[in-house]
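K.L.:
Below is the structure I would like to discuss, written out as structure tokens.
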Amino acid sequence: MADMINLKINNIPVSVPAGSTILDAARVAHVEIPTLCYLKDVSCVGSCRMCLVEATGARGLVAACVYPVSEGMEVKTNTEKCRKSRKTSLELMLSKHKKECLSCERAGNCELQRLSVEYNCDPHRFEGETETHPLDLSAPYVVRDRDKCINCNRCVAACKKQAVGAIGPIGRGYNVHIGSAFEMTLMESVCVGCGQCIVACPVGALKERTTVDEVWSAIADPEKKVVFFTAPSVRATLGEAFGLPVGTNVEGKMVAAIRRLGDVEVFNMDITADLTIMEEASELINRIKTNGTMPMFTSCCPAWVKFVEQKHPEIIPHLSTCKSPQEMFGGLLKTYYCEKNGIDPKNLYVVSVIPCTAKKYECKRPEMQGEVDAAITTRELARMIKTAGITFNTLPEEAFDDPFATCSGGGTIFGATGGVMEAALRVAAKMMDGKFEVVDFPAVRGTAPIKEATYNVAGHTVRVAVASGLQNAETVLGQIATGEKAYDFIEIMACPGGCVNGGGQPTLPDSIRNTEDLKSLRAQALYASDEKNSLRRSSDSPVMDMLYGEYFGAPNSHKAHKVLHTSYKADKRI
Amino acid sequence: MEQQANCTACLLGTPEQEAKLRAVIEQSKSTPGCLMHILQEAQAIYGFLPMPVQKTIAEGLGISLSEVYGVVTFYSQFSLTPKGKHRISVCLGTACYVKGSDKILEEVEKELGIKCGECTADGLFSIDSCRCVGACGLAPVMMIGEEVYGKLTPDKVKGILDSYREESK
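Residue numbers (the numbering used here), protein chains in the order written: chain A, 1 to 574; chain B, 1001 to 1169.
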């Protein structure tokens, strides 16, 4: 057992492992110390000065998030001196902050606002030179508002942790601000659009580029038929926006709520996750049998694809040619669905609800031909539901609309790291060996940054790896390049933990983010749904029989390639 | 931007300059905290730190361009713009300032038709301000290259600049 350190927090005796910080120890004593620049697993630099406390043996106030505990230490977190210091720091931040709090999208969910209320701050105590800067509207997925930024650097830490580093602090002193090198716009920079900066931001300086108004217009347009489809992970997180506990699966209420937004149909994107698996598993087997380019990487994450195109174009031949489930659905709706129902594709307005900001960029890629008209995040859907006056928590549970309602459990777990791999293994193994009945692959589950496993199927050894978080993807790429590791099939999700932790998911208060394991709790909701589903393998789904029987013929057929596959383009950036 | 992104090499100055830069990166890259040293060397080679140079350094060290740019913009010793053959540095430290060095700077800017931090089109002069050169007894002071000019008044500026112009003819 690790050495334990005994100390007192506000006279409460606690015992914590050596190496803990005062902030860790305070949690054990059920004392909350305010923080702004600190974010568990992302940022810990002690720069915002909100967590200053008095500690014996220290000169002056110390930053609790970085200060290590020592034996016999007595910490006071709520003295006059601490409160005064925090209040002044907050008022200095407020002096430069664009106080658009009436309509700011983070109003009511802003860490700066919460603390300013708690500390009874005067937002106009320091009136000085202020500047205004234009919004960075260059990217179709994220908007940066420098005037709301408090320079906490959490976005910078999140971006660096993604091995992207598109943003950093620029300049010195009063002029310091967050931006891209040479003041490039985000679209010109190495940004991949993952949106991890948005969920890291404690204020409203970063948000998605919203398309909610366009969706409302389409719903109001009598010429348009509007269809929604929801990504696997959205059902596991949407409830958080309505105060439900993290990890609540709200699939039925979500469908009911979307149906009440107007005259729309609601489909299940888990179906094109199943379709992705059918195509991807076939592609993998084909590559194995024909000595094709190996290893093969998954391509369902658009931020990962952008990362490859910009940073590692040499990997492009290794990317699966499968479109992402979002784009497969777009393609399917604008071809098969329109043909079957006699709809002019021009009059079909397709809305995807996704946990992701990069998917907003993906649907604008020219080769996707606008098959998805609007991609809205979980947060945007929650806002639409609130605008429409729908009392989410009292809704009945309703089912998705036919013909895109029934999915396999494999499609559902796409939303968590390892899910695509497991779903692909279920199908690929069965395709290679008809007697293979195993559907559980626990080695690729869980939130570990990198997972590995080896399986023997029909005389073939298949070595797989799963990485989530682009830093971990970078590690895997490095190990492959040096020959340290060799794999056949690799799943990469740009966001740590996969889509359940995507950049478009509800922004939870720091008090929850810093104490709960969001990634696991949200993933559990998806795995529980998989377990309850009588269809575990994508190939067992009757919808797959329908699609291949009526339209595509077989996986990787000519028609499937036309509608369900894509290509990539090197766009090397430094 | 596009062109620079795809073609760092062609904008890295002369082949000699580029070879020197790459040698400096290669020599230092395994030393922790080498970025400052490499930036100083790079500025000595090029006179300033343009985007292709910073990109080459970022790529060589395996760090992001935004990290390099953050350091470059933090320290006043680094410059993003080219410097002139004769680098003018007007002291705006306390002693010089109270003796009216802001008027000297204004006069230099007017005479050369550029602002502080810029370089003349012919590449002859660039202007910067500095904080105390340790010659407060001579305030207000400016330096041109290594030469110190003290007890200045605005009307002396033109004559001093002309002497450099003559010399370059």
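Virtual Cβ for every residue (Gly too), placed ideally from N, Cα, C.
Can a CB atom of chain A be found closer than 8 angstroms to the CB of Glu-1067/B?
P.N.:
Judged by the 8 angstroms Cβ criterion, Glu-1067/B is in contact with chain A.
K.L.:
Quick one: what's got a C-beta closer than 7 angstroms to His-318/A's C-beta in the same chain, skipping five residues either side?
P.N.:
Thr-293, Pro-295, Met-296 and Phe-297, listed in sequence order.
K.L.:
Measuring straight from C-alpha to C-alpha, what distance separates Gly-1093/B and Arg-1131/B?
P.N.:
So the alpha carbons of these two residues sit roughly 4 angstroms apart.
K.L.:
Is the CB of Ser-1079/B under 8 angstroms away from at least one CB in chain A?
P.N.:
Not closer than 8 angstroms to any Cβ of chain A, the Cβ of Ser-1079/B fails to qualify, so no.
K.L.:
Let me know the beta strand (DSSP E) ranges lying completely inside the stretch 151-222 of chain A, each 3 residues or longer, listed in chain order.
P.N.:
The qualifying runs are 168-170, 177-179 and 206-208.
K.L.:
Can you have a look at Asn-153/A and say buried or exposed, based on whether 16 or more other CB atoms are within 10 angstroms of its CB?
P.N.:
By the 10 Å Cβ count, Asn-153/A comes out buried.
K.L.:
Strictly under 8 angstroms for the Cβ-Cβ distance: is Lys-1055/B near chain A by that measure?
P.N.:
Lys-1055/B counts as touching chain A.
K.L.:
What number of angstroms, rounded off, separates the C-alpha of Ala-1005/B from the C-alpha of Arg-573/A?
P.N.:
For Ala-1005/B, the pLDDT reaches just 37, beneath the cut-off of 50, and the residue's location in the model is therefore unreliable, although a value from the coordinates is still provided. Distance between the alpha carbons of Ala-1005/B and Arg-573/A is about 6 angstroms.
K.L.:
Return the residues of the stretch 1126-1159 of chain B that lie within a Cβ-Cβ distance of less than 8 angstroms from chain A, sorted by chain order.
P.N.:
Listed by position along the chain: nothing, the set is empty.
K.L.:
Return the CA-CA distance between Glu-1111/B and Ile-1127/B, expressed in angstroms with no decimal places.
P.N.:
C-alpha separation (whole angstroms): 11 angstroms.
K.L.:
Between the stretch 32-54 of chain A and chain B, which residues of the former have CB atoms less than 9 angstroms from a CB of the latter, in chain order?
P.N.:
Result list empty, no residue passes.
K.L.:
Measuring alpha carbon to alpha carbon, tell me which residue in Lys-99/A, Leu-90/A and Pro-34/A is nearest Ala-64/A.
P.N.:
Selected option, being the one with the closest Cα: Pro-34/A.
K.L.:
Among Thr-417/A, Lys-485/A and Ala-382/A, which residue has its Cα nearest to the Cα of Val-466/A?
P.N.:
Cα-wise, what sits closest to Val-466/A is Thr-417/A.
K.L.:
Taking 7 angstroms as the limit between beta carbons, can you name the residues of its chain near Thr-1008/B, skipping five residues before and five after?
P.N.:
With a pLDDT of 44 at Thr-1008/B, under the threshold of 50, the predicted position of this residue should be treated as unreliable, and no value is reported.
K.L.:
State the Cα-Cα distance for the pair Arg-114/A and Phe-182/A, rounded to the nearest angstrom.
P.N.:
Distance between the alpha carbons of Arg-114/A and Phe-182/A: 34 angstroms.
K.L.:
For a minimum of 4 consecutive residues, which ranges assigned as the alpha helix (DSSP H) are wholly contained in the stretch 366-449 of chain A?
P.N.:
Runs of the alpha helix (DSSP H) inside the stretch 366-449 of chain A: 378-387, 409-412 and 419-432.
K.L.:
Does the beta carbon of Ala-467/A fall short of 7 angstroms from some heavy atom of the ligand SAH?
P.N.:
As presented, the structure is devoid of all ligands, the ligand SAH included, so that no description of it is given.
K.L.:
Tell me the rounded alpha-carbon separation between Ile-5/A and Gly-504/A.
P.N.:
The straight-line gap from Cα to Cα measures roughly 40 angstroms.
K.L.:
Taking the CB atoms as reference points, tell me whether Phe-229/A and Phe-392/A lie closer together than 8 angstroms.
P.N.:
No.
K.L.:
Please list, in chain order, the chain A residues whose beta carbon lies closer than 9 angstroms to that of Thr-1120/B.
P.N.:
Here the premise fails: no neighbours, minimum Cβ distance about 23 angstroms.
K.L.:
I need the straight-line Cα distance from Ser-1089/B to Pro-169/A, nearest angstrom please.
P.N.:
Whole-angstrom Cα-Cα distance: 27 angstroms.
K.L.:
Would you kindly work out how many angstroms separate the C-alpha atoms of Leu-1152/B and Ile-1114/B, rounded to a whole number?
P.N.:
Answer to the nearest angstrom: the Cα atoms are 20 angstroms apart.
K.L.:
Anything in chain B within Cβ reach of Arg-172/A, meaning under 9 angstroms, just list it in chain order.
P.N.:
Those are Thr-1073, Phe-1074, Tyr-1075 and Ser-1076, listed as they occur along chain B.
K.L.:
One question on the structure: do Phe-404/A and Asn-268/A come within less than 8 angstroms of each other, judged by their Cβ atoms?
P.N.:
Yes, the Cβ-Cβ distance between Phe-404/A and Asn-268/A is below 8 angstroms.
K.L.:
Can you list, in chain order, the residues of its chain whose CB lies under 8 angstroms from that of Ser-944/B, leaving out five sequence neighbours each side?
P.N.:
Coverage of chain B is limited to positions 1001 through 1169, which leaves residue 944/B absent and any answer about it impossible.
K.L.:
Let me know if Met-1036/B comes out buried or exposed under the rule of 16 or more other beta-carbons within 10 Å of its beta-carbon.
P.N.:
When all chains shown are included, Met-1036/B counts as exposed.
K.L.:
Can you tell me which of the three DSSP states Asn-120/A falls into?
P.N.:
If DSSP states are grouped into helix, strand and coil, Asn-120/A belongs with coil.
K.L.:
Find the residues of chain B that neighbour Ala-166/A, judging by a C-beta separation of less than 8 angstroms, and give them in chain order.
P.N.:
What Ala-166/A touches in chain B: Ser-1064 and Ser-1066.
K.L.:
Please identify, using Cβ separations under 7 angstroms, the residues of the stretch 1024-1036 of chain B that lie next to chain A, in order along the chain.
P.N.:
So nothing in the stretch comes that close.
K.L.:
Might you give, ordered along the chain, the residues of its own chain that have their beta carbon closer than 6 angstroms to the beta carbon of Cys-1096/B, omitting 5 neighbours on each side?
P.N.:
Ala-1139, Pro-1140 and Val-1141, listed in sequence order.
K.L.:
With which residues is Asn-16/A paired in a DSSP beta bridge?
P.N.:
Looking at the sequence shown, residue 16/A is not Asn but Val. For Val-16/A, which the question treats as bridged, DSSP gives the partners Ile-5/A.
K.L.:
Considering only residues of the same chain and omitting the five flanking positions on each side of Leu-1012/B, which have a CB-CB separation below 8 angstroms?
P.N.:
Only Glu-1018, Leu-1021, Pro-1052, Val-1053 and Thr-1056 meet the Cβ criterion.
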